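5 is the number of the first residue of the first sequence in this note's numbering; add one for each residue after it. Working notes, structure below.
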Amino acid sequence: MEVYRKLSETYGPRNWWPGETSFEVMVGAILTQNTSWKNVEKAIERLKEKGVLNPKGIRELRKSTLSSLIRSSGYFRIKSERLKVFVDFLFDEYGGSIKRMKRERVGVLRRKLLDVKGIGPETADSILLYGLKKPVFVVDSYTKRILSRHGILSEKASYEEVQNLFMDHLPHDERLFNEYHALLVHLGKTLCKKVPRCDRCPLKGVRWEAQGVRRKELTY
DNA sequence: CACCAGGCAAGTA
DNA sequence: TACTTGCATGGT
5 MEVYRKLSET YGPRNWWPGE TSFEVMVGAI LTQNTSWKNV EKAIERLKEK GVLNPKGIRE
65 LRKSTLSSLI RSSGYFRIKS ERLKVFVDFL FDEYGGSIKR MKRERVGVLR RKLLDVKGIG
125 PETADSILLY GLKKPVFVVD SYTKRILSRH GILSEKASYE EVQNLFMDHL PHDERLFNEY
185 HALLVHLGKT LCKKVPRCDR CPLKGVRWEA QGVRRKELTY
């Protein structure tokens with residue numbers, strides 16, 4: 005928790021996830037796979053202009069048309085297929101209603117999402133946390149990198165392993181998980197890159213013991 | 001020019 | 001299970 009407090013007081017509220025509706029957040033979660041958010045924003049904007057940024061709109065678009073609208077987000081052929089498969093799932097399971105989807109038990113919904121082709125653990129958890137406000141911790145490459153740089157975990161620890169490290173030792177609070185992950189991404193983007201800038205890192209000297217990890221002084 | 005960005009699935013051994 | 005490759009645009 006000391007890590008969270010430090011990041012929070014340094015960077016302040018990150019206001020994640022940008023998006024006017026739950027569905028918009030879910031679409032963003034798929035489009036941002038291995039892609040910069042900037043490129044996704046343009047695609048989201050084009051979908052809005054066309055008035056199709058809703059379950060019915062995506063469902064009724066031709067795949068080729070959808071591809072052209074989301075071109076800026078990269079992997080556009082694969083992602084148009086993934087959006088199609090996702091909205092089909094939404095209609096098959098919940099009649100196209102996000103509200104009904106939200107009523108599903110988290111554990112059940114997570115497993116169902118993981119069965120959807122094109123939705124892996126990070127996308128599923130982003131949909132749950134940022135789209136539906138469920139208390140699920142999202143792990144991404146920055147999270148892994150930061151933890152491994154600090155010697156907490158191996159660089160190739162499994163997704164669940166990293167996720168459990170947080171969820172086993174933090175209160176299951178949606179707002180905390182939201183802010184914590186957003187802060188880790190911000191730190192990753194600004195300082196914890198391939199060539200790290202540890203001299204400016206706000207976590208210099210901070211301990212992770214509140215994570216349930218044995219005391220470990222960070223060394224820079 | 002190279003490298004990266006808020007991953008995932010499919011193929012191979 | 002563990003590794004490799006394809007997917008693609010746009011910014012630095």
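Built from N, CA and C at the ideal position, the CB exists for glycine as well. Predicted model only: the values in this text are computed from it and were never measured.
{"Item": "Between which residues of its own chain and residue 137 is the CB-CB distance below 7 angstroms, once the five residues before and five after are set aside?", "Value": "178"}
{"Item": "Which parts of the segment 92–127 are runs of the alpha helix (DSSP H), unbroken and 4 residues or longer, counting only runs that do not cross its ends?", "Value": "102–107, 110–118"}
{"Item": "Expressed to the nearest angstrom, what Euclidean distance is found between the alpha-carbon atoms of residue 132 and residue 201?", "Value": "32 angstroms"}
{"Item": "Exposed or buried, residue 83, counting other C-beta atoms within 10 Å across all chains shown (16 or more means buried)?", "Value": "buried"}
{"Item": "For residue 161 and residue 87, I'd like the C-alpha separation in whole angstroms.", "Value": "29 angstroms"}
{"Item": "In whole angstroms, what separates the C-alpha of residue 1 from that of residue 54?", "Value": "As shown, the chain starts at 5 and ends at 224. That puts residue 1 outside it, with no answer to give."}
{"Item": "Given this structure, state the Cα-to-Cα distance separating residue 7 from residue 152, to the nearest angstrom.", "Value": "15 angstroms"}
{"Item": "Please report the residue range of the alpha helix (DSSP H) in which residue 182 lies.", "Value": "178–194"}
{"Item": "Of the residues 73, 93, 58, which one's Cα is nearest the Cα of residue 43?", "Value": "73"}
{"Item": "Report back the beta-carbon spacing between residue 18 and residue 190 to the nearest angstrom; my notes put them in contact at under 8 angstroms.", "Value": "6 angstroms"}
{"Item": "How would you call residue 147, buried or exposed, if buried means at least 16 neighbouring beta carbons within 10 angstroms?", "Value": "buried"}
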